[in-house]
Ligand code: ATP
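In our numbering, the protein residues as written are 455 to 678.
Following this line, the structure appears as structure tokens:
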């Protein structure tokens with residue numbers, strides 16, 4: 455079983471801590487606010503009221519035993535950086551820190567955080583992209599340009615096989631899985647696999663090819 459520490463339980467930290475617990479992980483929560491801790495009592499394994507910039511307090515809470523720590527202190531940038539640095543120096547194997555802006559993110563990366571998240575910015579960009587591209591239901595960014603996208607099956611291609619569509623060549627996207635309407639997941643799609651209405655396709659590719667997919671599908675719909 456994995457053991458995590460969540461430091462700072464505002465809305466973001468609370469959600470991380472609660473979800474980890476629900477997934478059966480052991481979770482140590484540290485926050486300076488008694489009120490914030492109260493809402494997680496009985497939900498997580500242990501809550502500790504402490505100023506996380508105090509190295510001794512972190513040691514006493516048993517921070518050295520965790521597999522990973524999530525620093526979810528947002529507004530107090532100085533505290534967020536200091537805590538991340540202390541965790542790094544204490545040898546915590548994996549550190550995820552929340553940043554509130556790009557400069558904050560840059561500093562956190564420099565001091566060696568393994569992952570830096572900007573929740574508002576990332577979610578905002580995701581929502582915007584899904585609004586512009588009518589076929590994208592969800593996405594997982596792998597690099598600045600490349601991602602894994604979940605696409606709905608537009609009417610224009612429903613009922614056709616991947617082979618008939620010449621999918622990879624036509625759209626420049628690799629289909630890695632197909633989720634049928636009933637929920638079954640086909641993770642080895644072949645040229646004979648048919649795309650049915652109501653199912654979704656998971657593709658890996660770059661943003662430009664997603665735009666191409668949208669345009670070509672629109673054209674096919676008009677030509678029907
Ligand atoms: P969110 O957007 O997730 O609600 P936020 O960006 O508003 O969070 P803050 O309010 O700055 O984040 O901090 C989140 C939590 O971190 C708060 O519960 C706060 O008590 C706690 N916190 C801030 N500084 C420290 C510190 N030095 N030690 C321990 N906890 C801290």
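A virtual CB, placed ideally from N, CA and C, is assigned to each residue, including glycine.
Judged by DSSP in its simplified three-state form, residue 599 adopts coil rather than helix or strand. With fewer than 16 other Cβ atoms inside 10 Å of its own Cβ, residue 645 counts as exposed. For the segment 468-503, the full-length alpha helix (DSSP H) segments reaching 4 residues or more read 488-492 along the chain.
Take residue 595, set aside five residues on each side of it, and the residues of its chain with a beta-carbon closer than 6 Å to its own are 601, in chain order.
The DSSP-derived three-state label of residue 555 is coil. Here residue 618 carries a helix assignment [DSSP, helix/strand/coil].
DSSP, read as helix, strand or coil, puts residue 627 in coil. In the three-state reduction of the DSSP assignment, residue 640 falls in the strand class, which pools E and B. Pairing residue 542 with residue 665, the inter-Cα distance amounts to about 41 Å.
Runs of the beta strand (DSSP E) lying entirely within the segment 514-552, each at least 3 residues long, are 522-525, 549-552 in chain order. Remark: the C-beta of residue 506 is in contact range of the ligand ATP, defined as less than 7 Å to any heavy atom.
In this structure residue 482 is in contact with residue 459, their Cβ atoms being roughly 5 Å apart against a cut-off of 8 Å.
For residue 646, the secondary structure class from DSSP, reduced to helix, strand or coil, is coil. Your pair residue 521 and residue 550 does not check out as a contact, with CB atoms roughly 12 Å apart and the cut at 8 Å. Excluding the 5 residues flanking it on each side, residue 544 has same chain C-beta neighbours closer than 8 Å at 509, 512, 513, 517, 518, in chain order. Contact between residue 526 and residue 463 holds: their C-beta atoms lie close to 7 Å from each other, under 8 Å.
Taking a contact as a CB-CB distance under 8 Å, the pair residue 471 and residue 502 does not count as one, their CB atoms being some 12 Å apart.
Minimum Cα-Cα distance from residue 531 among the listed residues 524, 540, 515, 561 corresponds to 561. If you ignore the 5 residues before and after residue 660, its C-beta comes within less than 7 Å of the C-beta of 599, 600, all in its own chain and listed in chain order. Taking residue 671 as the centre and dropping the five residues before and after it, the same chain places the C-beta of 608, 610 closer than 6 Å to its C-beta, in chain order. Take the alpha-carbon of residue 615 and the one of residue 627: they are about 15 Å apart.
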